[in-house]
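Student: Going by my numbering, the sequence shown opens with residue 1, and the numbers climb by one from there.
Backbone N, C-alpha and C define an ideal beta-carbon position, used for all residues, glycine too.
Note that the coordinates shown come from a computational prediction; the quantities given were computed from them, not determined experimentally.
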Amino acid sequence: MIKSMTGFGKATVESGDKKIIIEVKSLNSKQADISLRMPNLYKEKEMEIRNIVKNFLERGKIDMTIYFDNADSEKDVSVNQNVVEQYFKQMLDVAAHLGVETNNNEILQTIMRFPDTLKQKTEELDEREWEKLRTGIEKALEENDKFRIQEGKVLIKDILHRIQLIEEFASEVPQYEDRRIEGVRQRLLEKMKEWNEIQNIDQNRLEQEIIYYLEKLDITEEKVRLANHCRYFAETAEKEEAPGRKLGFIAQEIGREINTMGSKANDHDIQKLVVRMKDELEKIKEQSLNIL
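Written as structure tokens, this is what we have:
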């Protein structure tokens with residue numbers, strides 16, 4: 001089944017008074033490039049989460065964000081009373097030593113900006129919350145995968161249509177070949193008349209040069225290989241699970257045959273068809289980059 005690497009998935013789970021939201025976005029990439037943003041509480045499970053993501057989505061630039069619906073859920077903060085009292089006493093002592101009038105409210109406001117006046121309670125991740133989080137992650141990844149499948153259907157439909165167009169353009173080439181061959185024949189005859197006026201021509205060498213020239217202009221092999229590559233492209237897209245890289249390689253081979261056909265053609269109508277085939281192939285290459 002063809003999948004795009006573009007996808008989005010979202011899931012929400014509840015654990016106690018927490019509402020945990022998981023979002024997964026993915027784009028195309030040659031490798032599995034995973035970026036995780038999550039509360040410190042879940043950092044100990046980072047490697048396990050990465051493995052879950054990679055097993056589900058395989059490849060792509062993947063951004064996963066885990067956050068609490070209420071931002072205060074992560075912060076359980078209290079005043080560090082002992083530290084505040086020490087700061088306050090020292091401020092009063094300094095003020096008395098300097099003979100400065102003091103305002104207790106202003107001193108307290110100043111102290112609360114100092115380091116360590118607030119402390120955040122460290123919460124440990126229990127197994128029940130982890131299982132709920134894991135379930136939410138898998139659900140978000142499944143949603144992302146469904147999105148990828150849907151995008152993949154649209155993507156491969158368009159790509160195969162363009163492969164069909166290349167085949168249609170290639171099928172129009174033979175109608176111009178008789179005229180092309182006749183043009184080559186006329187040019188050779190004119191050249192041979194010039195050569196006949198020259199004495200001491202090596203006839204064997206002349207025949208070899210003519211054969212070599214004709215072989216260089218023959219595009220039969222290119223047409224056959226192009227047809228085979230197009231057929232192989234369609235078969236690979238229909239039968240293989242994750243053919244993205246393979247389709248890219250086949251597209252390169254298709255391009256090679258089209259380019260060779262264009263360089264050998266020596267005919268403006270065939271060149272027009274070659275340009276149209278190249279145009280469709282560039283669109284195929286671009287879209288193939290997004291196939292898993």
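Quick one: what's got a C-beta closer than 7 angstroms to Thr260's C-beta in the same chain, skipping five residues either side?
Tutor: Only Glu222 meet the Cβ criterion.
Student: By DSSP, does Arg37 sit in helix, in strand, or in coil?
Tutor: Correct three-state label for Arg37: strand.
Student: Does the segment 18 to 33 come within contact of the segment 149 to 163, defined as at least 3 CB pairs closer than 8 angstroms?
Tutor: In short, these stretches do not touch, since the Cβ pair count stays below three.
Student: With respect to the beta strand (DSSP E) encompassing Phe8, which residues constitute its N-terminal and C-terminal limits?
Tutor: It spans Gly7 to Ser15 - the beta strand (DSSP E) in which Phe8 sits, taken as one unbroken run.
Student: Can you list, in chain order, the residues of its chain whose CB lies under 8 angstroms from that of Leu125, leaving out five sequence neighbours each side?
Tutor: Cβ neighbours of Leu125 beyond the five flanking positions: Leu41, Tyr42, Glu44 and Lys45.
Student: Under the three-state reduction of DSSP, which class applies to Lys19: helix, strand or coil?
Tutor: In this structure, Lys19 counts as strand in the three-state DSSP scheme.
Student: Can you grab the Cα-Cα spacing for the pair Asn105 / Ser78, in whole Å?
Tutor: Computed Cα separation, rounded: 19 angstroms.
Student: What would DSSP say about Ala242, mapped onto helix, strand or coil?
Tutor: Here Ala242 sits in coil by DSSP.
Student: So what's Met64 in DSSP terms, helix, strand or just coil?
Tutor: Strand at Met64.
Student: Where does Leu118 fall in DSSP's three states?
Tutor: In the structure shown, Leu118 sits in a strand (DSSP, three-state: E or B).
Student: Is Thr173 helix, strand or coil when you go by DSSP?
Tutor: The identity of residue 173 in the sequence shown is Val, whereas the question assumes Thr. Reduced to three states, the DSSP call for Val173 is coil.
Student: To the nearest angstrom, how far is it from the Cα of Ile2 to the Cα of Asn28?
Tutor: Each residue's alpha carbon lies about 14 angstroms from the other.
Student: Looking at Ala251 and Glu285, is the spacing between their C-beta atoms short of 8 angstroms?
Tutor: Going by the sequence as given, residue 285 is Lys instead of Glu. In this structure, Ala251 lies closer than 8 angstroms to Lys285 by Cβ.
Student: Out of Gly60, Glu131, Lys139 and Glu240, which one is the CA nearest neighbour of Leu289?
Tutor: Comparing Cα positions, the closest option is Gly60.
Student: In angstroms, rounded to a whole number, what distance separates the CA positions of Trp130 and Asn80?
Tutor: Cα to Cα, the separation comes out at about 30 angstroms.
Student: Compare the Cα-Cα distances from Asp145 to each of Lys25, Glu101, Glu172 and Thr102 and report the closest residue.
Tutor: Per the Cα distances, Lys25.
Student: List the whole-angstrom C-beta distance separating His229 from Glu190, where the pair is believed to meet the contact cut-off of C-beta under 8 angstroms.
Tutor: Not quite, the Cβ-Cβ distance comes to about 37 angstroms (not below 8 angstroms), so this is no contact.
Student: Tell whether a beta-carbon distance below 8 angstroms holds between Ala140 and Ala11.
Tutor: Yes, these two residues count as a Cβ contact at 8 angstroms.
Student: Have a look at the DSSP bridge pairing and note the partners of Glu234.
Tutor: Note on residue identity: the sequence assigns Ala, not Glu, to residue 234. For Ala234, which the question treats as bridged, DSSP gives no partner whatsoever.
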